[in-house]
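Worksheet for the structure shown next.
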Amino acid sequence: MQKPQILFIHGMWGTSKVWENYAPRFETAGYETSAVTLRLHDSPIAEPAPEGLGTTSLLDYVDDVVKTVDAMVEKGASAPVLVGHSMGGLIAQLVAARTDNVKAVIALTPAPPAGVFALKLSTIKIFKKILLTPRFWKKPTRLTWEAAYQGVYNGLPEAEAKQHFADNVWDSGRATFEIAFWTMDRTKAAKLDRDNINCPVLILSGADDLTVNASVVRASAKKYKGANAAKLTYENLPGYSHWVLGGAGWEKIADRCLDWLKLKANS
């Protein structure tokens, strides 16, 4: 039985390093893996932000991943499975709506597309400093340690959370605006054409997620309708926060993804 390649897509303020747990787990299960680092995500938050990052669009990220996926297939590889976390989970779905060269999508605690209101009270508390920055949509953004520990790494031991936070990089204020304030975004960068997704999709939310509330993820999943809904598997994970890539029990989530792949994507 041939197994597809896995392409991991990180979320906001991350790099490919966030998959340091998942990649070996998938490889042990017999999958070849690779991970993208999104455009301009190469400057730690202790250093100056890359020029142009603040106005980089979600569409730029999607364009880059589409090119990566299509290039993989053009070189003779099979269509990959896209595994994305947070903003990466949204990007994975947007890419699958743009190209047929995707075998399946796994979206872990994904950011919502246009049409789903993202700003729950817990989310606003985490993003408060960013949202109160004048013209933040034209500036690079970073999370403070307090916000990250409160809402991204909540539930993790502080020492482990600090290790993850040390790997944070700058991200795009424009991308934040396009996801959170889609009603005001003229480009409709976060608009997801679900009818164009022709592969199975697994969406997992964390019941204790304060960054992308489980109700937000559930609302996103409910937007899959008709024949498209038959391709969707949605599950809410009790006891898990936003950072399902580490902390106690991450192995169970990775294994759930692998079990789902056996049923939906191996051929």
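Residues in the sequence shown are numbered consecutively from 35, following my numbering. Glycine included, each C-beta is placed from N, C-alpha and C at the ideal position.
- Looking at the DSSP output, His119 sits in a beta bridge with Leu142.
- The C-beta separation of Gly207 from Thr175 comes to about 5 Å, placing the pair in contact by the 8 Å criterion.
- Spatial neighbours of Lys163 in its own chain (CB-CB distance under 8 Å, excluding positions within 5 residues in sequence) are listed in chain order as Thr178, Ala181.
- DSSP places Leu92 in the uninterrupted alpha helix (DSSP H) bounded by 92-108.
- Here Ala200 is not near Ile213, since their CB atoms are 7 Å or more apart.
- Within a 10 Å sphere around the beta-carbon of Pro58 sit fewer than 16 other beta-carbons, which makes this residue exposed.
- In the structure shown, Val136 falls within a coil segment according to DSSP collapsed to helix, strand and coil.
- Contact annotation: Ala148 and Trp53 have beta-carbon atoms that are not nearer than 7 Å.
- Contact between Met106 and Gln39 holds, since their C-beta atoms are separated by about 7 Å, short of 8 Å.
- The alpha-carbon of Gly86 is positioned some 42 Å away from that of Leu297.
- Of Glu269, Pro78, Gly88, Arg73, the smallest CA-CA separation from Arg169 is found for Gly88.
- Burial check for Lys137: the Cβ neighbour count within 10 Å reaches 16 or more, so the residue is buried.
- Counting only residues of its own chain and dropping the five nearest sequence neighbours on each side, Thr221 has a CB closer than 8 Å to the CB of Ser91, Leu93, Glu212.
- Taking all protein chains in view, the Cβ of Met46 is crowded by 16 or more other Cβ atoms within 10 Å, so the residue is classified as buried.
- By the neighbour-count criterion, in which 16 or more other beta carbons inside 10 Å mark a residue as buried, Asp243 falls on the buried side.
- Three or more Cβ pairs drawn from the region 266-279 and the region 225-244 lie within less than 8 Å of each other, which places the two stretches in contact.
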